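What follows is a single structure, written as structure tokens, with notes after it.
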């Protein structure tokens, strides 16, 4: 090689520059609009007709060849005078007869025009296998397991067990499905077809739930929810056997709505676990669970629960009507479902109570509300709710009145501060300096003397910083979250003051506002107020307290004209209904004689006028006096 | 029909009457009563309140005999033309009231809260807020006012209580003021300011029964009368006749004067919220009532398209008077003449017609 | 929804195009804490003094320099002065925190009716402002000499000292609202606090003759004798609040001394709990000090018969003995009765002297005119009379009762033992 000197480097450099050629790379991937993106579902494919015709012919051909094979066999058997062979052939014939019905050209062409999901289960196992393969995109899709086996006995029958890997419990399949079927040798009777299936389902399978299915829709539903499906040659039906065993989180301690007192169970993702939790806390036959699937492409199970003898039947019907009438692809969260069914989706205030606590759900169910659950969401929503419900926490009733009331008042003060404090601060220092005590006015003025920004900018800057800290604390993984909060709040604030970017008073105002906003027990209400706060800020900074008054007025009118599932939002004070002693402050538990008036429950009274009957009776040990 | 008002109970009715009648407290009227009544000025709102309650309760009796709202009752008793005249009269009354309230509260704002703001901006702001507020319907307005009412009443009482150290009880002497023979007629004439409370008669079908309306009339007007008496009393106890009658904004002056210690003083700014809310609600409800009557008269399916048009119209009228003194003089003239027709004249005619008709009805039956 | 969006957009547009509607940043504002008014040397003009706070001096870090700044300008009116100040001070003046209005004596004698109008009409002023008359001096001088050492902000000084007025009752605390209502009502004469700078002319102190019955000297503001070194102009604060300025209609017509002010306070129910020094009724030349307060509210009454007013006052005092100079056992019941009677007599005498003095000024400082209203049926009848005239000719009847309830921490006095008695 030539020595690396400056000259050679220069020469190479120039050569490279003059003779540069881009490296040969394949064309980069671009996600283009696909041609058949739109048409597939809704427009008939031109090729489709040919394909189905081919399939028709194919199955008829198959039937014909099978028939021919059987005839050959029968000929051989008859020739040999082999009785057992003849019997076997006779049985095969029966199966073929069963299958023959399907091969009728009209039925066949009708069948093949249907989408695979809409077809009925065929008596031929290979046809079923083909449909399953089509349904589940086998062999690309690796989740589906198809296990072929033979049910032994005097007349061995081909059978096939299908299940989705990951959703099933392998133990259950091995022990209570495959084992009894494969070791089955007492099939004395010669039964086949539907009878065989009934016999297997009724007498053979030691599984807790097993039912017969004739349509692929049922088959697919079963498979999707973790059941196994058994096809048997010659039987135009399938057995759907309960073998659910997917991994899910069990109930844990509440993470968001923590409490000192009260039950410590929170919902998990699995729907059945959740309904079970509620039912285990409310052990009554009165509790009804209705399940409706929502989502057209990917149905998700949505349940709603209510107490039959309490809840207003119109309310239940309305909830059902709204959930039933959603037409969408997929709903993966209750929060999404909520937006589909609530009264005012554009208003930021929550119109359902979302809770992860089982005890909260049960207490509201007992008042006559309806609980909505969705598979995969560890929360339960309750309807209808009033604005004041969001200020209640689960343990308000578990502790005594003075403490419960005190906490509620603190929350309410926190809410008011969180909404109007920054706006009122700006309004006062911009327009109504006289409202402050002189020393305070001078102190604020003195502190702001070195700050080069307008006060409104300062407040918005700090609000933004606070929102950043909050969001960062929420998004950052695990342990770092709390650190971010401390680092952000302490260091950022201190540094900003020292750098004369903001005045200390602004830091205090924003810190109090932020702290106050955490006292709002409901996360969604608190986010709604967080958004509103900026509106208040704008009006306060431009119109002073007149602006704050206008903002308050608009919010109160908005709240008063809202409805949550037909119930006015500001009940029980706007409109005024019969007092329930549970609005801002709560009354003693033994005076809560009526259910909330606005719910118009079937049964208004929940306890008699004197619920503590013992106070009217002689004390223990003194009965004889 | 979206202008339908929905159901209202006693609470909603009280809130409705409170909304219509309370601006009295925040405007110059209490200064005018003191000018008229001196030491006995507090009798004036009392007399007006009682007169209003009597007329309103009398009307509820008519309604219990002839069910329906004001318009249908008038059609039954006075004929189609009579009903139209009455309805148009009340349209005029509510729009007049809207204009007066709009102008006076806008002036109020300019005078006290935001001295550097453009006048037309304030007027447009108030009418815009009132329009937004009535857009969803009456229910929301009435309910939210009912929620705010306890706070505004207690704030009002608080100001009067905080002023106790500056009271001079001798300011009520001589106790007859300018003479009872003068004070009571003035009180009866001032009752016109409460003519807006006939809104409950106009909205009669929204109430459950005539009994409900009677309760609303007594409690609602009673409450606002008590508050007016209390403010006028507090005002004259604090300022005395000579100073009190000079003031344009009695309530503001009262709040300004609070000085309990180094820390409890200068609180008038906090009460801006109170009177802005009261003013906007009063404006909104008068605006709504006028529109409601128009919609009812012309049998329109909804009032919503009318809101911005009429709103701009009202704002323009409100900006017409050249100065605040003209407005105050017009306010006085309208209250003593036009508004009194609505309080005394029309109800008397209706009651007379009702009793006549009933007698005739009984006569034919016998 | 679209309409709502349009409406809200329109509101937003209105808000933004019109700017900030007069909102002011804190560093655009200068807070005037004290306002002084004087008659100018130029005919018909006013000397207006503004004392403004300097907020930077209050932050703690750079707490150097004066916390306040005073400027005096000559103008036609206070409002004109405010505009002139705008050319002198960079910031916008804000008068909403003005705590006191200080008026020089010469302006007060000329009449305040014209000057006060703006204070009632302009929205930044309020009735709670205190009104102070400078005894024999100008407001400008008073403001420049008054340098409170304890309070950081000068407004705090004025507020504190005027809120403590009832502690000694040597000076009243009068706000603009009281002053103005009295001026307009015709039932009482306006009064104001008298303030002054100590040692301006010390020879004036002796100009008030000491009455033989008085056991304590009478002073007006600026006349309190101070220690020798304290006349040094540098060290202490030389401002004093003492006595009352008495007005007839809107003109200053006379002054009440500290003792007279206290008598007025008794009649006006403003006595909190001051010390009274009374001559010993038994031992000449010795004093008894008592801590007296009003046991009941003073009752004032006025009857008018044939244009002759008869004024009545009923006073009930309760007290505690603080010191007995002579050592006589006034704790004993018989002596106590004697002492009570003596106190009542002394105070009654002092009150009558004070009232007669004001009758001479034709100024009803106590406000007998208010109860006098009950003699009339209607307000118009009352307005027909000239109360000041009736007052100056009225008969006055004052009854004073005194009870000594407590004797302090001692309940008897032992004589001083010694051979020379």
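Chains as they are written, first to last, in the numbering used here: chain A, 32 to 656; chain B, 13 to 378; chain C, 3 to 423. Glycine included, C-beta positions come from ideal geometry on N, C-alpha and C. Note that the structure is predicted; figures quoted are calculated from it, not measured.
- Distance check between residue 398 of chain A and each of A/414, A/297, A/406, A/387 places A/414 closest, using alpha-carbon atoms only.
- Given a length threshold of 3 residues, the segment 59-108 of chain B has no whole run of the beta strand (DSSP E) inside it.
- Note that the segment 262-271 of chain C touches the segment 239-251 of chain C; at least 3 beta-carbon pairs, one per stretch, sit closer than 8 Å.
- Chain C has a Cβ within less than 9 Å of the Cβ of residue 129 of chain B.
- An exposed status is given to residue 525 of chain A, since fewer than 16 other beta-carbon atoms sit within 10 Å of its beta-carbon.
- The C-alpha of residue 253 of chain C lies about 41 Å from the C-alpha of residue 341 of chain C.
- Our two residues, residue 239 of chain C and residue 149 of chain C, have alpha carbons roughly 6 Å apart in a direct line.
- In this structure, the beta-carbon distance from residue 50 of chain C to residue 76 of chain C falls below 9 Å.
- Within a 10 Å sphere around the beta-carbon of residue 173 of chain C sit 16 or more other beta-carbons, which makes this residue buried.
- Listed by position along chain A, the residues whose Cβ is nearer than 9 Å to that of residue 159 of chain B are 587, 590, 591, 601, 604, 605.
- Counting along the chain, residue 319 of chain C sits inside the beta strand (DSSP E) bounded by residues 310-326.
- One finds nothing in chain B with a Cβ atom closer than 8 Å to the Cβ of residue 423 of chain A; even the nearest lies about 18 Å away.
- Taking the Cα positions, residue 359 of chain A is about 22 Å away from residue 254 of chain A.
- One Cα belongs to residue 173 of chain B, the other to residue 271 of chain B, and the distance between them is close to 12 Å.
- DSSP, read as helix, strand or coil, puts residue 552 of chain A in coil.
- Listed along chain B are 274, each with a C-beta nearer than 7 Å to that of residue 161 of chain C.
- Residues of chain A whose Cβ lies closer than 8 Å to the Cβ of residue 98 of chain C are, in chain order, 464, 465.
- For residue 353 of chain A, the enclosing alpha helix (DSSP H) covers residues 344-355.
- Look at the segment 249-297 of chain B and you find these whole runs of alpha helix (DSSP H), each 4 residues long or longer: 262-269.
- Residue 323 of chain B and residue 113 of chain B do not touch by the CB rule: their CB atoms are close to 13 Å apart, not below 8 Å.
- Ranked by Cα distance from residue 166 of chain A, the first of A/530, A/248, A/192 is A/248.
- Against chain B, a Cβ distance below 7 Å from residue 576 of chain A picks out 125, 281, 284, 285.
- Under the Cβ criterion of 9 Å, residue 451 of chain A is not counted among the residues facing chain C.
- Contact with chain C is found for residue 188 of chain B, since one of that chain's Cβ atoms lies less than 9 Å from the residue's Cβ.
- In this structure residue 368 of chain A is in contact with residue 325 of chain A, their Cβ atoms being roughly 7 Å apart against a cut-off of 8 Å.
- Contact annotation: residue 568 of chain A and residue 141 of chain B have beta-carbon atoms that are not nearer than 9 Å.
- In this structure, the beta-carbon distance from residue 43 of chain B to residue 260 of chain B falls below 9 Å.
- In the three-state scheme derived from DSSP, where H, G and I count as helix and E and B as strand, residue 148 of chain C is classed as coil.
- Of all alpha-carbon atoms in C/145, C/5, C/37, C/255, the one lying nearest the alpha-carbon of residue 100 of chain C is that of C/37.
- The secondary-structure analysis by DSSP pairs residue 595 of chain A across a beta bridge with A/598.
- Per DSSP, the continuous beta strand (DSSP E) segment holding residue 269 of chain A begins and ends at 269-272.
- Scanning the segment 232-304 of chain A for uninterrupted beta strand (DSSP E) segments of 3 residues or longer gives 241-244, 259-263, 269-272, listed from N- to C-terminal end.
- Using a CB distance below 7 Å, no part of the segment 334-352 of chain A faces chain C.
- At a Cβ-Cβ threshold of 9 Å, residue 404 of chain C and residue 353 of chain C do not count as neighbours.
- Taking the Cβ atoms as the reference, residue 139 of chain C lies roughly 6 Å from residue 199 of chain C, within the contact range of under 8 Å.
- In the structure shown, the three-state DSSP call for residue 370 of chain C is coil.
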